[in-house]
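Q: Can you keep this structure in mind? I'll have questions shortly.
Protein chains: 2
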Amino acid sequence: MGIDDCSFDPAREDRTIVLGVVFRGGLYLDGATSTDVEIDGKDATEKLVEMIKSSPHYRQLRVVMIDTITLAGFNIVDILRLNQETGRPVIAVTRQKPNNDEVKAALRNFPDWEDRWRTIQNAGDLNEIHVRDNTIFAHIAGISTNDAEAIVQISSTRANYPEPLRVAHLLAHGLRARIHQ
Amino acid sequence: MGIDDCSFDPAREDRTIVLGVVFRGGLYLDGATSTDVEIDGKDATEKLVEMIKSSPHYRQLRVVMIDTITLAGFNIVDILRLNQETGRPVIAVTRQKPNNDEVKAALRNFPDWEDRWRTIQNAGDLNEIHVRDNTIFAHIAGISTNDAEAIVQISSTRANYPEPLRVAHLLAHGLRARIHQ
Chain A
1 MGIDDCSFDP AREDRTIVLG VVFRGGLYLD GATSTDVEID GKDATEKLVE MIKSSPHYRQ
61 LRVVMIDTIT LAGFNIVDIL RLNQETGRPV IAVTRQKPNN DEVKAALRNF PDWEDRWRTI
121 QNAGDLNEIH VRDNTIFAHI AGISTNDAEA IVQISSTRAN YPEPLRVAHL LAHGLRARIH
181 Q
Chain B
1 MGIDDCSFDP AREDRTIVLG VVFRGGLYLD GATSTDVEID GKDATEKLVE MIKSSPHYRQ
61 LRVVMIDTIT LAGFNIVDIL RLNQETGRPV IAVTRQKPNN DEVKAALRNF PDWEDRWRTI
121 QNAGDLNEIH VRDNTIFAHI AGISTNDAEA IVQISSTRAN YPEPLRVAHL LAHGLRARIH
181 Q
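As structure tokens, then:
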């Protein structure tokens, strides 16, 4: 399952939609589901667990991929908990290595910033993953670096990025205007 | 572009959403768009023309495929007009040959049923199309039977049905609860 969030307008919205698309390898779409999470909230992990476990494809799911460990602003996904509670390995992919100083500076706007920072730290180191002639990065949980790299490579069928995440992103943006909480 | 409508509750809704997904051959999704049409209304053709022509992929679109010529109950698509106004061939696929007597009986509930019946008649004969060991049917406009058959066969990469329509259907149903007018 590839997971990405819709863009949102923080001035007008409290929550945003998160889409999950089920792919067979990097090959074809087999299902779609959704949930909603609070913008800058703390419910992302819990809402993803619920979305994944209630999917009709849950038993067949082999891996969960997320577009970065943050959804809806700074609603940070605890990928260790997500792995434990779903029983599925988690690969959170990002195209660019975030600048930790900048992340920390932004987080300091939250009274509970230390908590959020700890969740990010818990995600562990970013692993470099080579896809064709490109390098992307991933936080992983419940899977070895080698296996995660192999899965990202195998599923990157149409671009230098896993197909489930490419399609989740494309749908989240293409259908943004129609998708509501 | 593969087009399908979301299911709806006629007791509670006046309109329903129609999704369009852009595919490269039968291979991969490249975009998604949407419109809404009136349940049992007469605006399907006009709304599809608008949706197709305003897609960022419009200039690259080669064929429009619809899941049957009726959307949202009996909102019938005039595929000749759709072809003329979009400049794209139209293939409206159906798994089962509709029973004309039953269609006519249902249409008679509408005061303008003769108009609607004429639009169906204008779509011409249903063409038999062989996909692997399966037979499906298609109304076509602006394309030869041979070319339509070849396109349906080439794009039926994952099932005995064109992939753009399989995916449009799957998304329309999977995201139904989140998609609003």
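Keeping their order, the protein sequence lines are chains A and B.
The numbering used here numbers the first residue of the first sequence as 1 and each following residue consecutively.
The numbering used here numbers the first residue of the second sequence as 1 and each following residue consecutively.
Where a beta carbon is used, it is the ideal one built from N, C-alpha and C, also for glycine.
None of the values given here were measured: they were computed from a predicted structure.
Could you tell me which residues DSSP pairs with residue 31 (chain A) in its beta bridges?
A: Per DSSP, A:22.
Q: Is residue 63 (chain B) closer than 8 Å to residue 88 (chain B) when the C-beta atoms are compared?
A: In contact: residue 88 (chain B) and residue 63 (chain B) (Cβ atoms closer than 8 Å).
Q: Name the DSSP bridge partner or partners of residue 65 (chain B)?
A: According to DSSP, residue 65 (chain B) bridges with B:2 and B:91.
Q: So residue 14 (chain A) packs on residue 39 (chain A), CB below 8 Å; how close in whole Å?
A: About 6 Å separates the two Cβ atoms, so the contact holds.
Q: Rounded to a whole number of angstroms, what is the C-alpha to C-alpha distance between residue 119 (chain A) and residue 76 (chain A)?
A: One C-alpha to the other measures close to 7 Å.
Q: Excluding the five sequence neighbours on either side, which residues of its own chain have a C-beta within less than 8 Å of the C-beta of residue 31 (chain A), listed in chain order?
A: The residues are 21, 22, 55, 56 and 57.
Q: Could you give the first and the last residue of the continuous beta strand (DSSP E) run that contains residue 127 (chain B)?
A: 127-131 is the extent of the beta strand (DSSP E) around residue 127 (chain B).
Q: Can the beta-carbon of residue 156 (chain A) be found closer than 8 Å to that of residue 163 (chain A)?
A: A contact, by the Cβ cut-off of 8 Å.
Q: Run the CB neighbour count on residue 104 (chain B), radius 10 Å, all protein chains shown included, and call it buried at 16 or more, exposed below.
A: Answer is exposed; the Cβ neighbour count stays below 16.
Q: Would you mind reading off the limits of the alpha helix (DSSP H) that contains residue 157 (chain B)?
A: It is not in any alpha helix (DSSP H) - residue 157 (chain B) carries neither H nor E in the DSSP assignment.
Q: Applying a beta-carbon distance threshold of less than 7 Å, which residues of chain B neighbour residue 34 (chain A)?
A: The contacting residues are 175 and 178.
Q: Can you find the residues in the same chain that come closer than 8 Å, C-beta to C-beta, to residue 95 (chain B), ignoring five residues on each side of it along the sequence?
A: Cβ within range, chain order: 136, 137 and 161.
Q: At a CB-CB cut-off below 8 Å, which residues of chain A make contact with residue 17 (chain B)?
A: By Cβ distance, chain A contributes 178.
Q: Exposed or buried, which one is residue 47 (chain A) when buried takes at least 16 other CB atoms within 10 Å?
A: By the 10 Å Cβ count, residue 47 (chain A) comes out buried.
Q: Can you round the beta-carbon distance between residue 34 (chain A) and residue 173 (chain A) to whole angstroms, since I take them to be within the 8 Å contact cut?
A: Actually they are not in contact, since the Cβ atoms of residue 34 (chain A) and residue 173 (chain A) sit about 14 Å apart, beyond 8 Å.
Q: If you measure from the beta carbon of residue 31 (chain B) to each beta carbon in chain A, is any gap under 8 Å?
A: Yes, because at least one Cβ of chain A sits closer than 8 Å to the Cβ of residue 31 (chain B).
Q: Using a beta-carbon distance below 8 Å, is residue 158 (chain A) in contact with chain B?
A: By this cut-off, residue 158 (chain A) is an interface position.
Q: Is the Cβ of residue 167 (chain A) closer than 8 Å to any Cβ of chain B?
A: Yes, residue 167 (chain A) counts as interfacial toward chain B.
Q: Can residue 44 (chain B) and residue 80 (chain B) be called in contact, C-beta distance under 8 Å?
A: Contact flag unset, no.
Q: Would residue 93 (chain A) pass as a contact of residue 51 (chain A) if the rule is Cβ separation under 8 Å?
A: Not closer than 8 Å, so no.
Q: Could you check what DSSP says for residue 177 (chain A) in three-state terms: helix, strand or coil?
A: If DSSP states are grouped into helix, strand and coil, residue 177 (chain A) belongs with the helices.
Q: Using a C-beta to C-beta distance shorter than 7 Å, which residues of chain B count as neighbours of residue 28 (chain A)?
A: The contacting residues are 158.
Q: Between residue 71 (chain B) and chain A, is there a C-beta pair that is closer than 8 Å?
A: No, because no Cβ of chain A sits closer than 8 Å to the Cβ of residue 71 (chain B).
Q: According to DSSP, is residue 143 (chain A) part of a helix, a strand, or is it coil?
A: Here residue 143 (chain A) sits in coil by DSSP.
Q: Express the C-alpha separation of residue 41 (chain B) and residue 184 (chain A) in angstroms, rounding to a whole number.
A: Here chain A covers residues 1 to 181 and nothing more, so residue 184 (chain A) does not appear.
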